[in-house]
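Note sheet for the following structure.
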Amino acid sequence: MKFPTTLQPTHYPRPSTMSLRAISKIVNSRLKVEGTGAKIHRSLGIYQQRQFNPFLMFDHFLSAGNAGFPAHPHQGHETITYVLQGAVAHEDFTGARGILYPGDLQFMTAGRGIMHAEMPVTKEDGLPTIALQLWVDLPEKERGMEPRYRDLREWEIPEVEADDGKVRVKVISGKSYGVESIKELAYIPMDYFHYKVKAGGEFKQELRPDFNYFLYVIRGNGLELNGDAKIEATQNAYLEEDGDYITGKNTSQDEEVEFAIIGGQRLDQEAHVFGTFVADSDEHVKKGLLDYKNSRNGFERVKTWKSTIDGGVTQEVIDGPLQGSLQVRDSQKKAYLESLHREPIAV
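Residues in the sequence shown are numbered consecutively from 1, following the UniProt record's numbering.
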């Protein structure tokens, strides 16, 4: 793919009949502890909101020390991990491995089955690793595909400014303020926007008609959505199906608010979920669990594969098999930016 040397916002004529998309419900996330002690704010995949087509689960996790997610299986869906602070090492039985640093995303398609591990990289400053993870259903015909990974690095994500610099948006997928994402990495069409809004800042995000959307607040308590709804940190606002845009304002006097707006094209199919297994029926979920237990039908490599990061991520592993040192990363980023010459865009 050839990238443009400069990204410029494009303004399109809009119909005069555009309507506001209302909030369906606001869900308080549930604090859970999973893996080897990682704290998770879960706002999708809980009893208040089991699913939100095409999304199956949404976690905001904080991981200190070696508290992470040792080797475990997935089947029948896709996971999208977005690192906000710290670093996450990953590897799986296909041989894929690496490290995600702040601003990086990983798209993992489990397909017919995968075994992988995700562990935080311990930092000397003692700050926790913070990330968002979204589970996305796969179209039924793709649930049996071979597993694969795709990474999206921080420097590949365009960023746009609005409202005199009070609003900044990372356009991970989709289009915001006329700026479009460079890559399409998920199996179904998606929008994924990471907003930071300073005190007094106002925003408007246009939405696609055949998508379901939610807005999750990462930090800050001053967000007012659609003129009257207050959304606080770790709350998730699920939107109705109809409407072309949402608006918002940071009503705080001095606090920045940070949130994600995520949308996906609705799928006309059923999703049955048990743990990390997804299928079109309970019977097929049970079959997947048995295949994993018996190392067959996509899980054959479970017999011989052993994670090198389950017990923690050492510098030796970072510099060696993970090839994830900061020096390697800096050289990759420098080469990319020299070819692109991208800057944040004011509109």
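For every residue, glycine included, the Cβ atom is placed at its ideal position computed from N, Cα and C. Keep in mind the model is a prediction, meaning the values are calculated, not measured.
For T94 against W135, the beta-carbon gap comes to about 19 Å, at or over 8 Å, which does not count as contact. F214 is the residue among A233, A260, F214 and G227 whose C-alpha sits nearest the C-alpha of E241.
Annotation note: the UniProt domain "Pirin N-terminal" (41-136) contains no uninterrupted alpha helix (DSSP H) run of length 4 or greater. In the DSSP annotation of this structure, the continuous segment of the alpha helix (DSSP H) that includes I318 starts and ends at Q315 to D319. C-alpha of A199 to C-alpha of K170: approximately 18 Å in a straight line.
By the criterion of at least three beta-carbon pairs nearer than 8 Å, the stretch 60-68 is not in contact with the stretch 98-112.
Within the DSSP secondary-structure output, M190 pairs in a beta bridge with G264.
Straight-line spacing of the CA atoms in R329 and G227 works out to 42 Å. D280 sits in coil when the DSSP states are folded into three classes, being neither helix nor strand. In this structure, DSSP gives D291 a helical state, which the three-state scheme calls helix. Three or more beta-carbon pairs separated by less than 8 Å are not found between the stretch 228-247 and the stretch 287-302, which leaves the two stretches without contact. Distance from S63 to P120 at the Cβ level is roughly 4 Å; contact confirmed, criterion being Cβ atoms closer than 8 Å.
For A279, the closest of G37, R21, S307 and H74 by C-alpha to C-alpha distance is H74. One thing to note: V257 has its Cβ no nearer than 8 Å to the Cβ of H272.
Contact between G264 and F211 holds: their C-beta atoms lie close to 6 Å from each other, under 8 Å. DSSP places I172 in the uninterrupted beta strand (DSSP E) bounded by V167 to S173. Here V160 is not near Y149, since their CB atoms are 8 Å or more apart. About 6 Å separates the beta carbon of V88 from that of E118, a gap short enough to meet the 8 Å contact definition. Counting every other CB atom within 10 Å of its CB across the protein chains shown gives E91 a total of 16 or more, marking it as buried. As a beta-bridge residue in DSSP terms, V179 pairs with S176. Q51 and E140 have their C-alpha atoms some 16 Å from each other. Under the three-state reduction of DSSP output, R30 falls in the strand class. Residue pairing from DSSP places G248 in a beta bridge opposite F203 and L225. Shown here, K306 sits in coil according to DSSP, grouped into three states, outside any helix or strand. By the neighbour-count definition (other C-beta atoms within 10 Å, threshold 16), N250 is a buried residue. In its chain, beyond the 5 residues on either side, G243 and D244 have a beta carbon closer than 6 Å to the beta carbon of S19. In the three-state DSSP reduction, A271 falls in the coil class, being neither helix nor strand.
Per DSSP, the unbroken beta strand (DSSP E) holding D151 starts and ends at R148 to L152. Contact between L207 and I246 is confirmed by a C-beta separation of about 7 Å, below the 8 Å threshold. With a cutoff of 8 Å on beta-carbon distance, S43 and Y216 are scored as near each other. In this structure, D163 and G201 form a Cβ contact; the two beta carbons are roughly 5 Å apart against a cut-off of 8 Å. Close CB contacts of I114 within its chain, under the 6 Å cut and outside five residues either way in sequence, are with H74, D92 and P147 (chain order). Counting other Cβ atoms within 10 Å of its Cβ, L322 reaches 16 or more and is therefore classed as buried. The beta carbon of I309 sits closer than 7 Å to the beta carbons of A89, E91, A117, M119 and V317 from its chain, once the five residues preceding and following it are set aside; these are given in chain order. Between L127 and H60, the C-beta gap is not smaller than 8 Å, which leaves the two residues out of contact. For E161, the enclosing beta strand (DSSP E) stretches over residues E159 to A162.
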